[in-house]
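Each protein sequence line maps, in turn, to chains A and B.
Per our numbering, residue 1 is the first one in the first sequence, and the count goes up by one each step.
Per our numbering, residue 412 is the first one in the second sequence, and the count goes up by one each step.
No residue lacks a Cβ here, since even glycine has one placed at the ideal position from N, Cα and C.
Structure, as structure tokens:
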Amino acid sequence: MRDVLVMILAGGVGKRLSVLSMLRAKPAVPFGGIYRIIDFTLSNVMHSGLTHVAVLPQYKPLSLIEHIGIGLPWDFNGRTRSINILPPSTGKKSSDWYRGTADAVRQNLDYIRSMDPEIVLVLSGDHIYRMDYMEMIQFHRHCDADVTIGMIRVPQEEASQFGIASLDATGRIVDWEEKPAVPKSDLASMGIYVFSASFLIRQLEELTGDDFGHDLIPHFVREHRAYGYRFDGYWRDVGTVQAYWESNMEIFDETSGINLKEWKVATNFDEEGRIGDRPPMRIGPEGRVENSFISHGCRIDGKVIHSVLSPGVVVEKGAVVRNSIIFHDTVVGESSTLDYCIVDKNVEIGKNCRLGDPSAGSGHLCLIGKWAKIPDGMRIGKYCKVYPLTDLSKGSRRVIPDFEEAGEPPI
Amino acid sequence: MTEVLAFILAGGRVDELGGLTRYRPKSAVPFGGLYRIIDFPLSNLMHSGIRYVGVLSQYRSSPLINHVLDGSSWDFYGRNRQLKLLPPFKGEKESDWYNGTVDAVYQNLDFVRSIQPDLVLILSGDHIYKMDYRPLIRFHVEKKADLTIAFVRVPPEESYRFGVAEIGGSGSEPGGPVLRYLEKPEKADLEWASMTIYVFSTAFLMHCVNDAIGLLREQPTVEFGRDVIARMVQQGGGKYRIFGYKFSGYWGYTRTIPEFWAANMDLLYRPDRIDLEKWQVRTNLDHRGIKERIPAVYRPGARVVNSMICHGCEIRGEVVNSILSPGVVVEKGARIFNSIIMFDSHVGRNTFLNNVILDVDVTVADGVVLGTEDDLSPNAGQVCVVGEGESVTHEAAEKLRQTGIL
Numbered sequence: 001m002r003d004v005l006v007m008i009l010a011g012g013v014g015k016r017l018s019v020l021s022m023l024r025a026k027p028a029v030p031f032g033g034i035y036r037i038i039d040f041t042l043s044n045v046m047h048s049g050l051t052h053v054a055v056l057p058q059y060k061p062l063s064l065i066e067h068i069g070i071g072l073p074w075d076f077n078g079r080t081r082s083i084n085i086l087p088p089s090t091g092k093k094s095s096d097w098y099r100g101t102a103d104a105v106r107q108n109l110d111y112i113r114s115m116d117p118e119i120v121l122v123l124s125g126d127h128i129y130r131m132d133y134m135e136m137i138q139f140h141r142h143c144d145a146d147v148t149i150g151m152i153r154v155p156q157e158e159a160s161q162f163g164i165a166s167l168d169a170t171g172r173i174v175d176w177e178e179k180p181a182v183p184k185s186d187l188a189s190m191g192i193y194v195f196s197a198s199f200l201i202r203q204l205e206e207l208t209g210d211d212f213g214h215d216l217i218p219h220f221v222r223e224h225r226a227y228g229y230r231f232d233g234y235w236r237d238v239g240t241v242q243a244y245w246e247s248n249m250e251i252f253d254e255t256s257g258i259n260l261k262e263w264k265v266a267t268n269f270d271e272e273g274r275i276g277d278r279p280p281m282r283i284g285p286e287g288r289v290e291n292s293f294i295s296h297g298c299r300i301d302g303k304v305i306h307s308v309l310s311p312g313v314v315v316e317k318g319a320v321v322r323n324s325i326i327f328h329d330t331v332v333g334e335s336s337t338l339d340y341c342i343v344d345k346n347v348e349i350g351k352n353c354r355l356g357d358p359s360a361g362s363g364h365l366c367l368i369g370k371w372a373k374i375p376d377g378m379r380i381g382k383y384c385k386v387y388p389l390t391d392l393s394k395g396s397r398r399v400i401p402d403f404e405e406a407g408e409p410p411i
Numbered sequence: 412m413t414e415v416l417a418f419i420l421a422g423g424r425v426d427e428l429g430g431l432t433r434y435r436p437k438s439a440v441p442f443g444g445l446y447r448i449i450d451f452p453l454s455n456l457m458h459s460g461i462r463y464v465g466v467l468s469q470y471r472s473s474p475l476i477n478h479v480l481d482g483s484s485w486d487f488y489g490r491n492r493q494l495k496l497l498p499p500f501k502g503e504k505e506s507d508w509y510n511g512t513v514d515a516v517y518q519n520l521d522f523v524r525s526i527q528p529d530l531v532l533i534l535s536g537d538h539i540y541k542m543d544y545r546p547l548i549r550f551h552v553e554k555k556a557d558l559t560i561a562f563v564r565v566p567p568e569e570s571y572r573f574g575v576a577e578i579g580g581s582g583s584e585p586g587g588p589v590l591r592y593l594e595k596p597e598k599a600d601l602e603w604a605s606m607t608i609y610v611f612s613t614a615f616l617m618h619c620v621n622d623a624i625g626l627l628r629e630q631p632t633v634e635f636g637r638d639v640i641a642r643m644v645q646q647g648g649g650k651y652r653i654f655g656y657k658f659s660g661y662w663g664y665t666r667t668i669p670e671f672w673a674a675n676m677d678l679l680y681r682p683d684r685i686d687l688e689k690w691q692v693r694t695n696l697d698h699r700g701i702k703e704r705i706p707a708v709y710r711p712g713a714r715v716v717n718s719m720i721c722h723g724c725e726i727r728g729e730v731v732n733s734i735l736s737p738g739v740v741v742e743k744g745a746r747i748f749n750s751i752i753m754f755d756s757h758v759g760r761n762t763f764l765n766n767v768i769l770d771v772d773v774t775v776a777d778g779v780v781l782g783t784e785d786d787l788s789p790n791a792g793q794v795c796v797v798g799e800g801e802s803v804t805h806e807a808a809e810k811l812r813q814t815g816i817l
């Protein structure tokens, strides 16, 4: 018998993250320079003292599986600890892809039975926050609940994107609506569920329905003891490029509530492009960095202002990077200017390019996909999208006007 | 395949490094922000495909042991590879410290026997360089040498500090026979200085060490340069095949504070000669929690020019021509020039630092001035050192101005 089994749902396609999630699952999207989004959840699990973890990937899981490895960075490898990756597989009764959050867990009931936990903690791998899950589990036990859902207040205008609950004075959920058009409250589900294991197993055996929020929680609220656990720290669903950009920029805003240093987020230093093996960052005689978050191995000979740079980014002489996020090993050529851009890994930007627009703001970001090639002198406007692997030097286009895109979505 | 066992002589303190070796051997002194000096030979060994390494430690060995551990950072941990830390030990016959480099190897001949290598490569743990040892080993094998020593060209006026040699052979070869060898001569016209990198055929090493160890009856220590190389070249009368191998890359010799400081500054000024990215230097990322740190944060007011900055740094002030290790905090109004700031040191508000080395965990109080404000150019002669964990108050700064060390 194990106390708590953690199941992290990491199958999200993250369609609204656009080019960033075309070649990788949403939880594997880089964040904050050296991290990936799922690091926040994995580190929370570690810091909560939980030691048995399953990760359920589905969509483009390669980056994710490589990133998790054998779980060493989060201390899940050892005599009394474990991390298992549970991809969808054929050969089960329902030999099929995971059709939703509940279905993913249902298809792994055998695994849950074999682990024999008292509590199953179901998490999603795509949020930025720091939380001690043990407090929530204590609350669940204290309430003698069947299921407890992590809840956070969100701005009223965003509430329709979430499962929305109303709680009574004891914390019991008295009303639940999944993504309501007109929300009755601003208390949103964080996609974090504490289940009593026997309850979870019985319900998933008996009930149909593939999605917790949509199909099962409304039933639990009506028929069983469903509680809401209020969380009031920093929490962001970085599901859109705008929210993603804003959350990244909050890293160096000391009033935002996100504090990577205190959170002690752990990441895998040993995977592809080995973060740890890179030399310290270098700022050249003409380089300048202001109000930014810069990773190992960057070489800055131009200007970087209010931006987040992943390891190995090169900013050549005369280049200016403003209000942008740049992933690993991308090169910004001489005298090129970037404003309000998110540039994925290994992009080659030539000389004298202009990408994005200083007036764009976070609502009109210019997005450049992984392995794209941007030739000298290229102009790419605001709210543009260059798909991964697009080689613009092969065509004759030298200008991509605002709101347009270039290339084809990858397979 | 030629099996090679490497020894790294990493026990030395080197008095000239003063404050930096107060609590650690020279090989464990931080270099280039992120690294320790011993990372350079260890990384060279890894990239040269050498699989068996003994690290000989002695002086204040615990920081070194913490850093090297099982050698997995340099891929020496595995089924067919091994790194062994070899501190002095009490034996059956005698219980003693290592009395010099030869004695250190002598006391660990059992380790040599257990590995049974064809060749033994002896390195020192205190130089900054990138070298592929394989061409050196190939040269040694081709020449059927007993001993091959790597040399680097130095200005003749510097030769009094090194073992220097005259190397014969045609210029087209990577080296030639050692015709003359002088250990730290008062005057010499010889320009090839020993890098204290030795390739010994195992049997010859056994012979040399067993032969030289007897000198301990007459002198306190036995050293390779003075007591083995010089004697074998001079007295051998050509009996032994001793070769010199000429190395032409960057060689950072960091025996004194100005040299240590200058070799660090080469990272900023001579990237063509010393390029850590190309060199692919590895370090132990668990030491001092390097892995746990976040990327460097540049707050409003930060101005950083021609510098190397490690992750975990937080910068609100001005940093020019300087190297910052992980976790350094530079407060608002601080101005740092030509300085090396090691792990987790904290530079207070409105301070001024010029040509300063701060060891790890140093605190500089608000408003303290270290170094001259009249001349902001790098000046090795002016460098002052603040030792590990010191707190630089205004009074301490006054003392530092007088003595150059704290």
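Can you check DSSP and say which residues form a bridge with residue i?
i	result
H538(B)	Y664(B)
T337(A)	V320(A) and R354(A)
M719(B)	R282(A) and I734(B)
Could you round the C-beta distance between residue i and residue j to whole angstroms and report it? I think they count as a contact, below 8 Å.
i	j	result
E51(A)	R81(A)	Per the sequence shown, the amino acid found at residue 51(A) is Thr instead of Glu. Sure, about 4 Å apart at Cβ, within 8 Å.
F562(B)	S605(B)	6 Å
I734(B)	I751(B)	5 Å
L416(B)	V565(B)	Incorrect: roughly 29 Å between the Cβ atoms, too far for contact.
P30(A)	Q58(A)	Not a contact, Cβ separation roughly 20 Å.
S63(A)	A10(A)	No, S63(A) and A10(A) are not in contact; Cβ-Cβ is about 11 Å, not under 8 Å.
W74(A)	L42(A)	5 Å
I374(A)	I349(A)	5 Å
I640(B)	I560(B)	7 Å
Hey, does residue i have any beta-carbon neighbour from chain B nearer than 8 Å?
i	result
M1(A)	The predicted model places M1(A) with a pLDDT of 42, which falls under 50 and marks its position as unreliable, so this point remains unresolved.
I37(A)	no
R354(A)	no
M281(A)	yes
L20(A)	no
H214(A)	no
S247(A)	no
I294(A)	yes
K345(A)	no
D277(A)	yes
Consider the Cβ of residue i: report whether some Cβ of chain A lies at a distance smaller than 8 Å.
i	result
P585(B)	no
S788(B)	no
M719(B)	yes
G444(B)	yes
K743(B)	no
A713(B)	yes
Less than 8 Å between the C-beta atoms of residue i and residue j, yes or no?
i	j	result
P737(B)	R699(B)	yes
F550(B)	P528(B)	no
R435(B)	P474(B)	yes
E742(B)	R760(B)	yes
A556(B)	I653(B)	yes
D126(A)	I37(A)	yes
A776(B)	T804(B)	yes
M7(A)	V105(A)	yes
D39(A)	T240(A)	no
A808(B)	V771(B)	no
M719(B)	M281(A)	yes
G579(B)	L590(B)	yes
G443(B)	I668(B)	no
What residues in its chain sit with their C-beta under 6 Å from that of residue i, if we drop five residues either side in the sequence?
i	result
F293(A)	G33, I251, F252 and V308
H214(A)	E178
K303(A)	R288 and V320
G228(A)	I149, M151, A165, L167, G171 and I173
C724(B)	A707, L735 and V739
Looking only at its chain, what residues have a beta carbon closer than 8 Å to the beta carbon of residue i, apart from the 5 residues adjacent to it on each side?
i	result
L696(B)	S484 and K702
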